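Numbering (this note's numbering), first residue to last: 14 to 624.
Following this line, the structure appears as structure tokens:
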């Protein structure tokens, strides 16, 4: 899948390109965004949540970048090497055609794994083309000073917290801060740039052309071998495969953690304040990822996440709000203090730029259902639950029996105070219902009378107070009248039949109030204030939930059309940010795991329904 950027005009006079004009590469420890213009404008080293080295997507002047492009007018096309996360950006000019191959070799657990090597191969495939490169790291989110030492074809960038080495086959120049190169390639010629993290035990090394070729081939083999385990062979195989590859890129291999997105502070509204750091493990997002991976047959990823839950004692938490936090660091840490970076202007001036996330202190009861459902599915499709993990699940369910009937901040992390959200009640019901299923299936010890009593009380409360006869729909909060797209999960969670008259009426109401074309808004912030200024785009995960709800209701033609329309909002590589703006632009952190896992689920279930 490729995209022609002929006539493409970057936003803000060329200082920023649209969020969607990027591809993602990574090594299961960190990632980098590569623009269609050949610039790496986001890269954190050595891991997802480390400070940025290249961050010009958040400040074109102070963020730092790795520019690499032809020095003559060109048009570009960008695509992934088939069935891999090796990214190719092609430059078409009057006198020739060339391409950049960007990738990060996937290391094992050896000392070499600390290298975090980023390789850029420039190859002229026709004619001749002149190129320029400018490597301008800005450590610590652009706030940390560094020195640059150039020795022939190697440049070492040294800051107090991190040292990087650039090796190149092209000639390099430096001004003591940045490094640049200019060179011309004839047909068949190539140059290589490799950026390595180095330290006392990991020295700098060169990256000759032959070694770059070998590492490119090894990286292709890794991704293709991994993807070969997929069991999906349906109508939308290319999009599902790309989504699976993207979810794998967002996995932190050392712990099995899955981040919500690899970026921070990409705005939900240009110029607005809805800018958040998503480089952490949301229990909800990661648990749904487990479902998507299990659906496709990737049991090792589900096993790794279950290991993250067990080894970090996630289910044994003792916080003020309950056993679980809504999110954790990729190493399992619980403290993620939120602060602002006032020296960065933000993408297209969308300030503030935030690091950390204050939502860690929120109570979001739905996460209990998401996590226990993922444990139930792993017990069903992966490995039977262990006795120790069952003891942890039992303790959590016992806690939930005492605490499900209280207000919380809800799935959308509102910052206006707690409320009795119906979706939170729904997922508490899921937690209890799935735990009861596991206990019955495995013959495991449990206080089943108490669990059933709580489960049934939640069901009756939702049916009595979560249903609005006035709206003819299930609503956002108890005794409320506001609609909420999270309730599209009701039939998928098996709380209500997808053809129940109350549900079909709810689906119609959601279609009328929250659906625009195939796009779905989470809720109406004017009717249900969330404590933040401004509006936002449609939320892509809700759009795929809508597709699945239509399919389960038997409205297959509508579902298929809505799904095909949603695919047109993907970027040129098949990637989605979290939201879609009024004119189809991608907004928010990019790419977002939540959206891609819901795409997989919608494709799987729609394909099965179509037969």
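Glycine residues also receive a C-beta, built at the ideal position from the N, C-alpha and C atoms.
Model, not experiment: these values are computed from the prediction.
Close-in-space but distant-in-sequence residues of the same chain around residue i (CB under 7 Å, 5 per side omitted)
i, result
"residue 625", "The displayed coordinates of the chain run from 14 to 624. Any statement about residue 625 would go beyond what the structure contains."
"residue 268", "321, 343, 344 and 345"
"residue 126", "Residue confidence is low: residue 126 scores 48 on pLDDT, short of 50, so the model does not pin down where it sits. Its coordinate-derived value is still stated next. The residues are 120."
"residue 434", "421, 423, 489 and 490"
"residue 1", "Only positions 14 to 624 of the chain appear in this structure, which leaves residue 1 out of reach."
"residue 531", "556, 575, 578 and 579"
"residue 616", "247, 249, 252 and 253"
"residue 2", "Given that the chain is displayed from residue 14 to residue 624, the structure contains no residue 2 and the question cannot be resolved."
"residue 381", "337, 409, 413, 440, 441 and 444"
9 Å Cβ cutoff met for residue i and residue j
i, j, result
"residue 138", "residue 163", "no"
"residue 376", "residue 304", "no"
"residue 206", "residue 180", "yes"
"residue 284", "residue 354", "no"
"residue 277", "residue 289", "yes"
"residue 71", "residue 135", "no"
"residue 444", "residue 385", "yes"
"residue 229", "residue 613", "no"
"residue 328", "residue 227", "no"
"residue 33", "residue 585", "yes"
"residue 199", "residue 242", "no"
"residue 601", "residue 365", "no"
"residue 306", "residue 392", "no"
"residue 475", "residue 442", "yes"
"residue 323", "residue 378", "no"
"residue 372", "residue 418", "no"
"residue 263", "residue 39", "yes"
"residue 208", "residue 130", "yes"
"residue 498", "residue 582", "no"
"residue 259", "residue 595", "no"
"residue 5", "residue 91", "The question about residue 5 has no answer here: the residues shown for the chain are numbered 14 through 624."
"residue 298", "residue 606", "yes"
"residue 203", "residue 218", "no"
"residue 255", "residue 56", "no"
"residue 189", "residue 316", "no"
Same chain, Cβ closer than 8 Å to residue i, five either side skipped, listed in chain order
i, result
"residue 412", "335 and 336"
"residue 608", "553, 554, 557, 589, 590 and 591"
"residue 293", "62, 272, 273, 340, 341, 342, 343, 349 and 370"
"residue 511", "504, 562, 565, 566 and 567"
"residue 112", "101, 102, 103, 104, 135, 136 and 138"
"residue 29", "23, 70, 73, 360 and 361"
Counterpart residues of residue i in DSSP-defined beta bridges
i, result
"residue 334", "None; residue 334 has no bridge partner."
"residue 12", "Here the chain has residues from 14 to 624 only, and residue 12 is not among them."
"residue 529", "532"
"residue 135", "113 and 204"
"residue 341", "294"
"residue 211", "176"
"residue 57", "65"
"residue 434", "490"
"residue 140", "109"
"residue 35", "48"
"residue 599", "593"
"residue 353", "367"
Beta-carbon contacts of residue i that lie in its chain and below 6 Å, excluding the five residues immediately before and after
i, result
"residue 124", "Confidence in residue 124 is poor, its pLDDT being 46 and thus under 50, which makes the residue's placement unreliable; the coordinate value appears in the next sentence. Excluding sequence neighbours, residue 124 sits near nothing in its chain."
"residue 480", "487"
"residue 147", "80 and 193"
"residue 96", "237 and 240"
"residue 446", "468"
"residue 403", "457"
"residue 172", "152, 157 and 159"
"residue 625", "One cannot answer for residue 625 here, as it falls past the ends of the chain, which runs 14 to 624."
"residue 291", "273, 274 and 602"
"residue 620", "247 and 248"
Below-9 Å beta-carbon distance, residue i vs any chain D residue
i, result
"residue 135", "The displayed structure is made up of one protein chain only, and chain D is not part of it."
**OP:** Report yes or no: do three or more beta-carbon pairs, one from the segment 451 to 464 and one from the segment 525 to 538, lie closer than 8 Å?
**Re:** no
**OP:** Pair every Cβ in the segment 263 to 282 with every Cβ in the segment 561 to 578, then say whether three or more of these pairs are closer than 8 Å.
**Re:** no
Original post:
Okay, do the segment 237 to 251 and the segment 167 to 179 touch, 3+ Cβ pairs below 8 Å being the bar?
Top reply: no
**OP:** Please list the segments of the alpha helix (DSSP H) lying wholly inside the segment 477 to 515, counting only runs of 4 or more residues, in order along the chain.
**Re:** 502 to 505
Original post:
Does the count of Cβ pairs from the segment 29 to 48 and the segment 141 to 159 closer than 8 Å reach three?
Top reply: no
**OP:** Jot down the residue ranges of each uninterrupted alpha helix (DSSP H) in the segment 152 to 202, minimum 4 residues, whole runs only, in chain order.
**Re:** 152 to 155
**OP:** Go through the segment 250 to 329 residue by residue and report every complete run of the alpha helix (DSSP H) that reaches 4 residues or more, in order.
**Re:** 250 to 262, 296 to 309 and 312 to 324
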